[in-house]
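What follows is a short report on a single structure.
Chains as they are written, first to last, in my numbering: chain A, 679 to 956; chain B, 29 to 397.
Below is the structure:
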């Protein structure tokens, strides 16, 4: 009798043990990055590279920041990311809406063609895209950094899945209420699929913020470098300062961490939307 | 002026004809029910009035205006959807307010229509909410409402714009039986209060019979019959209407007209049912017919001409339905609960009320008498 009562608690304990183990696996590298960032490099090596800080130097973060000129690079990354996220949200929402609610010739075919572009990795389009940017004289500029990423098939696909869950009656009711398509999109479709839109915004932010290959290809001047390239500059310095590379990595990841904490509920709802009816 | 008139209206979806040459006039202030089985075209007809489907052929008028090419928002109609179509992220108040936000209304005499001010909108919303008892729910979202409450919000959203016609697409089908019966009465009262045209789509004949001024019965996209509920019930124009209206449905059995010196009768297998000789004067001897008699117009009578064996007895409390075998067909007899009990296997002698015998042409299915 008693054991039955306690069973749920034991189950809970077991679950928490599993979750804790997984969290350790995921967080350990982050922790080690932190340890390496604040440890004095030579002393840390001499101490046998233990999993705890050796001779902590708390100014590592500010030194990394100034060494990599991360302030300027943060600005470039912030502008590029903001423009890309805003543009992708706009274009994906409109395209997804058209593919869901509007009737036009070859709708299905166009959608599949659209989706087919998902299968092309950036390496395939890199060289023609760089040539285009160069011919437009957009190397070392914001337009050059953002142009290829203003629209995305992935976002269109994700939002279309969200929009498909909206009952057709809502569109009909909205039409009778005197609202056009754009008003329906703004008043109903987006608010109803907010978790999906939010999780797409996070995904777009992550991929824009973490871009490396493209900025590397279209930027030759230091002042147009994004943070991810700046990180490379800090990492490539002498072994005496290799803790600064770790420090810079943590600084650069900070905006993402903040975003994930702020939007975590929306993201979980967005990623599980459609999995459970309701 | 809010008559709705279909004049030879056809709606095709590719190869499929959903509504076929529909001609139907719905009078100003009338409660018209479009009744038929699923797929009969009733919802398509309603959606054409709403402007949510285009008209393929024919003319559709609301008032004195041809609306074939008029946008839904400019038709001055409101619709209650089967699913209620409430915006899930908006409160009850915002849902009700929705039809007032974007449209223009004739508010001031002799002035062109204009958008309502926030104060005017809020006044109308309060009024609509009060009339449907929703005042305490205004801050809730649809997910926090019961089915009946959602239905009332959908009604409030329909009446708030004071439209010249209401369209309702099976609005009661998601309610439980008790609530449905109560809401039927409320809808009739609402219709009387608003004195506005109602076009109501349902497959439920009880809803049609209890609420309609007139019923339009549709099948396979075609209008079968239109008329007051009792007239449609008492004089169905064809076999489809005869079998569709009425629960349990009309008994229909094929037979042959026999003329004798004493009168006219229908021969069913080895048995005969006498007909009213005056009413059935034009029928020639030997004519193939389908005879139809409603269950309540059959009675157990020791002198009855027709013998049928009881197959099952369904006890419904206030009455019972006796299912019998007759000439390889099942027929149902409705009896009051006070009638002498019968049991499966009994052979009953039945009479049919001659005034309520219907004859149909087995080929065209049209009414003959």
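Glycine included, every Cβ here is placed at the ideal spot set by N, Cα and C.
- Message: Spatial neighbours of residue 312 (chain B) within its chain, please: C-beta separation below 8 Å, excluding the five flanking residues on both sides.
- Response: Mapped onto the second chain, residue 312 (chain B) falls at position 284. Around residue 312 (chain B): 285, 287.
- Query: Would the region 76-90 of chain B and the region 31-43 of chain B be scored as touching if the rule is three or more Cβ pairs under 8 Å?
  - Reply: Yes, since at least three Cβ pairs between the region 76-90 of chain B and the region 31-43 of chain B fall closer than 8 Å, the two stretches touch.
- Query: What's the gap between the Cα of residue 150 (chain B) and the Cα of residue 189 (chain B)?
  - Reply: For the purposes of this step, residue 150 (chain B) is taken as residue 122 along the second chain, with counting starting at 1. For the purposes of this step, residue 189 (chain B) is taken as residue 161 along the second chain, with counting starting at 1. In this structure, the straight-line span from the alpha carbon of residue 150 (chain B) to that of residue 189 (chain B) is close to 12 Å.
- Provide the residue(s) that pair with residue 379 (chain B) in DSSP beta bridges, ordered along the chain. The residue labelled residue 379 (chain B) in the question sits at position 351 within the second chain. For residue 379 (chain B), DSSP records a beta bridge to B:327.
- Task: With a threshold of 16 other CB atoms inside 10 Å of the CB of residue 698 (chain A), please say whether the residue is buried or exposed.
- Result: As a position in the first chain, residue 698 (chain A) is number 20, starting the count at 1. Around the beta carbon of residue 698 (chain A), a 10 Å sphere encloses fewer than 16 other beta carbons of the protein chains shown; the residue is thus reported as exposed.
- Using a C-beta to C-beta distance shorter than 8 Å, which residues of chain A count as neighbours of residue 113 (chain B)? Stepping through the second chain from its first residue, residue 113 (chain B) is reached at position 85. Neighbours of residue 113 (chain B) on chain A, chain order: 845, 847, 848, 850, 851.
- Contact set for residue 738 (chain A): own chain, Cβ-Cβ below 7 Å, skip 5 residues either direction: Within the first chain, numbered from 1, the residue matching residue 738 (chain A) stands at position 60. Shown here for residue 738 (chain A): same chain residues with a beta carbon closer than 7 Å to its own, the five before and five after excluded, namely 715, 716, 921, 922, 925 in chain order.
- Query: Grouping DSSP H, G and I as helix and E and B as strand, with all else coil, what is residue 302 (chain B)?
  - Reply: Numbered from its first residue, the second chain carries residue 302 (chain B) at position 274. DSSP places residue 302 (chain B) in strand when its eight states are reduced to three.
- Item | Residues sharing a beta bridge with residue 107 (chain B), DSSP | As a first step, residue 107 (chain B) must be located in the second chain, where it is residue number 79. Partner(s): B:195.
- Inspect the CB distances between the region 871-889 of chain A and the region 132-147 of chain B and report whether three or more fall short of 8 Å. Of all C-beta pairs linking the region 871-889 of chain A to the region 132-147 of chain B, fewer than three are shorter than 8 Å, placing the two stretches out of contact.
- Proximity of residue 77 (chain B) and residue 88 (chain B) at Cβ, strictly below 8 Å: Within the second chain, numbered from 1, the residue matching residue 77 (chain B) stands at position 49. Within the second chain, numbered from 1, the residue matching residue 88 (chain B) stands at position 60. Between residue 77 (chain B) and residue 88 (chain B), the CB-CB gap stays under 8 Å.
- Neighbouring residues, chain B, relative to residue 870 (chain A) (Cβ below 9 Å): One-based indexing of the first chain puts residue 870 (chain A) at position 192. Against chain B, a Cβ distance below 9 Å from residue 870 (chain A) picks out 115, 116, 117.
- For residue 126 (chain B), which residues in chain A fall below 7 Å Cβ to Cβ? One-based indexing of the second chain puts residue 126 (chain B) at position 98. Result: 855.
- Message: Assuming residue 755 (chain A) and residue 904 (chain A) are in contact, meaning their beta carbons sit under 8 Å apart, how far apart are those beta carbons, in whole angstroms?
- Response: Position 77 of the first chain, counted from the start, is the residue given in the question as residue 755 (chain A). Position 226 of the first chain, counted from the start, is the residue given in the question as residue 904 (chain A). At roughly 4 Å, the Cβ-Cβ gap stays under 8 Å, so residue 755 (chain A) and residue 904 (chain A) are in contact.
- Message: Using beta carbons (cut-off 8 Å, strictly below), is residue 866 (chain A) in contact with chain B?
- Response: The residue you call residue 866 (chain A) lines up with position 188 of the first chain. It does; some Cβ of chain B falls within 8 Å.
- Query: Does the region 336-350 of chain B touch the region 368-382 of chain B, meaning 3 or more C-beta pairs lie closer than 8 Å?
  - Reply: The region 368-382 of chain B is in contact with the region 336-350 of chain B.
- So is residue 39 (chain B) in contact with chain A if we call contact Cβ pairs under 8 Å? For the purposes of this step, residue 39 (chain B) is taken as residue 11 along the second chain, with counting starting at 1. It does not; no Cβ of chain A falls within 8 Å.
- Item | Residue-level contact to chain A via CB, residue 287 (chain B), 8 Å cutoff | Within the second chain, the letter at position 259 stands for residue 287 (chain B). No, no contact with chain A.
- Message: Taking 7 Å as the limit between beta carbons, can you name the residues of its chain near residue 57 (chain B), skipping five residues before and five after?
- Response: What you label residue 57 (chain B) is simply residue 29 of the second chain in a count that begins at 1. Excluding residues within five positions, the ones whose Cβ falls inside 7 Å are 223, 224, 225.
- Same chain only: Cβ atoms within 8 Å of residue 276 (chain B), ignoring 5 sequence neighbours per side: Taking the second chain and counting its residues from 1, one reaches residue 276 (chain B) at position 248. Taking C-beta separations shorter than 8 Å and ignoring five residues to either side along the sequence, the partners of residue 276 (chain B) in its chain run 323, 349, 360, 362, following chain order.
- Task: Measure the alpha-carbon distance for residue 954 (chain A) versus residue 171 (chain B) and round it to whole angstroms.
- Result: Working through the first chain from its first residue, we reach residue 954 (chain A) at position 276. Working through the second chain from its first residue, we reach residue 171 (chain B) at position 143. The predicted position of residue 954 (chain A) is uncertain, since its pLDDT is 42 and thus under 50; a value taken from the coordinates is nonetheless stated next. The alpha-carbon atoms of residue 954 (chain A) and residue 171 (chain B) are separated by roughly 16 Å.
- Item | Residue nearest to residue 31 (chain B) in terms of C-alpha spacing, selected from B:248, B:90, B:280, B:305 | For this step, residue 31 (chain B) is matched to residue 3 along the second chain. For residue 31 (chain B), the nearest C-alpha among the options comes from B:90.
- Task: Within 10 angstroms of the Cβ of residue 908 (chain A), are there 16 or more other Cβ atoms? Answer buried if so, exposed if not.
- Result: On the first chain, residue 908 (chain A) is found 230 positions in, with the first residue counted as 1. So residue 908 (chain A) ends up on the buried side.
- Message: If you reduce the DSSP assignment to three classes, tell me which class residue 384 (chain B) lands in.
- Response: Mapped onto the second chain, residue 384 (chain B) falls at position 356. Secondary structure at residue 384 (chain B): helix, using DSSP grouped into helix, strand and coil.
- Query: Since residue 252 (chain B) contacts residue 269 (chain B) with CB under 8 Å, what's their CB separation in whole angstroms?
  - Reply: In the second chain, counting from the first residue as 1, residue 252 (chain B) sits at position 224. In the second chain, counting from the first residue as 1, residue 269 (chain B) sits at position 241. The C-beta distance from residue 252 (chain B) to residue 269 (chain B) rounds to 5 Å, short enough to fall under 8 Å.
- Query: Is residue 848 (chain A) near the ligand GDP, going by C-beta to nearest heavy atom under 7 Å?
  - Reply: In terms of ligand content, the structure shown is empty, and the ligand GDP therefore cannot be addressed.
- Message: Judging by CA-CA distance, which residue of B:45, B:295, B:97, B:79 is the nearest neighbour of residue 69 (chain B)?
- Response: For this step, residue 69 (chain B) is matched to residue 41 along the second chain. Scanning B:45, B:295, B:97, B:79 for the CA closest to the CA of residue 69 (chain B) turns up B:45.
- Item | 8 Å contact criterion, which residue 871 (chain A) and residue 841 (chain A) should meet: CB distance rounded | Indexing the first chain from 1 puts residue 871 (chain A) at position 193. Indexing the first chain from 1 puts residue 841 (chain A) at position 163. Contact flag correct, Cβ pair sits at about 6 Å.
- Cβ pair count under 8 Å reaching 3, the region 380-397 of chain B against the region 325-339 of chain B: At 8 Å Cβ cutoff, the stretches touch.
- Message: At 4 residues or longer, what runs of the alpha helix (DSSP H) sit wholly inside the region 845-903 of chain A?
- Response: Listed in chain order, the complete alpha helix (DSSP H) runs (minimum 4 residues) inside the region 845-903 of chain A are 846-854, 859-862, 872-887, 891-896.
- Just the Cα atoms here: how many angstroms apart are residue 928 (chain A) and residue 709 (chain A)? Numbered from 1 along the first chain, position 250 holds the residue referred to as residue 928 (chain A). Numbered from 1 along the first chain, position 31 holds the residue referred to as residue 709 (chain A). Taking the CA atoms as reference points, residue 928 (chain A) sits about 10 Å from residue 709 (chain A).
- Message: Less than 8 Å between the beta carbons of residue 758 (chain A) and residue 823 (chain A), yes or no?
- Response: Position 80 of the first chain, counting from 1, holds the residue named residue 758 (chain A). Position 145 of the first chain, counting from 1, holds the residue named residue 823 (chain A). Yes, they are a contact pair.
- Item | Pair within 8 Å by beta-carbon distance, residue 337 (chain B) and residue 299 (chain B) | Position 309 of the second chain holds residue 337 (chain B). Position 271 of the second chain holds residue 299 (chain B). Not in contact: residue 337 (chain B) and residue 299 (chain B) (Cβ atoms no closer than 8 Å).
- Message: Tell me the residue span of the beta strand (DSSP E) that contains residue 246 (chain B).
- Response: If you number the second chain from 1, residue 246 (chain B) lands on position 218. Going by DSSP, residue 246 (chain B) is part of the beta strand (DSSP E) stretching over 242-247.
- Message: List, in chain order, every chain A residue whose beta-carbon is nearer than 8 Å to that of residue 131 (chain B).
- Response: As a first step, residue 131 (chain B) is located in the second chain; it is residue number 103 there, counting from the start. Listed along the chain, the chain A residues whose CB falls inside 8 Å of the CB of residue 131 (chain B) are 855, 856.
- Message: Tell me which residues of the region 758-771 of chain A have at least one Cβ-Cβ distance to chain B shorter than 9 Å, keeping chain order.
- Response: Under the 9 Å Cβ criterion, the region 758-771 of chain A contributes no residue.
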